[in-house]
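A.B. asks:
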Amino acid sequence: GLIAGLAAAGRRGAGYVEVFSDSELMVRQMTGTYRVSSPRLRPLYDEAKILARRFREVSFRSVPREHPLIGKADRLCNQVLDAQ
Numbered sequence: 019g020l021i022a023g024l025a026a027a028g029r030r031g032a033g034y035v036e037v038f039s040d041s042e043l044m045v046r047q048m049t050g051t052y053r054v055s056s057p058r059l060r061p062l063y064d065e066a067k068i069l070a071r072r073f074r075e076v077s078f079r080s081v082p083r084e085h086p087l088i089g090k091a092d093r094l095c096n097q098v099l100d101a102q
């Protein structure tokens, strides 16, 4: 989700990206509040950080699973993943 979304935003020439996620852990890791201690997650984190640096600004927000933007984001991510 995050990596595919950042890559898609980059292909579309976005300068500013606002990431909404129902994963508070991911948001806190991406903002530096939490360390990434899992060896399995570290390469994904590193890739997401590299992608995020390509934008002028990226913000991360944690929202409840029931938030309407989560459903919309799920649909958009599925479209991107299906197109690959």
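Following our numbering, the numbering of the sequence shown begins with 19 at its first residue and continues without gaps.
Backbone N, C-alpha and C fix where the C-beta goes; we use that ideal spot for every residue, glycine too.
Between which two residues does the alpha helix (DSSP H) containing V35 stretch?
C.D. replies: Premise fails: V35 lies in the beta strand (DSSP E), Y34 to S39, not in any alpha helix (DSSP H).
A.B. asks: Under the rule that 16 or more other beta-carbon atoms within 10 Å means buried, what is L87, buried or exposed?
C.D. replies: By the Cβ-count criterion, L87 is exposed, with fewer than 16 other Cβ atoms from all chains shown falling within 10 Å of its own Cβ.
A.B. asks: Does the beta-carbon distance from Y74 to V37 come in below 8 Å?
C.D. replies: Looking at the sequence itself, residue 74 is Arg, so the reference to Tyr does not match. In this structure, V37 does not lie closer than 8 Å to R74 by Cβ.
A.B. asks: Could you tell me the alpha carbon to alpha carbon distance between H85 and R93, rounded to whole angstroms?
C.D. replies: 13 Å
A.B. asks: Roughly how many whole angstroms lie between the Cα atoms of R58 and L43?
C.D. replies: Distance between the alpha carbons of R58 and L43: 15 Å.
A.B. asks: In chain order, what residues of the same chain lie with their CB nearer than 6 Å to the CB of L20, ignoring the 5 residues before and after it?
C.D. replies: A66, listed in sequence order.
A.B. asks: Just curious, the alpha helix (DSSP H) that V45 is in, first and last residue?
C.D. replies: E42 to M48
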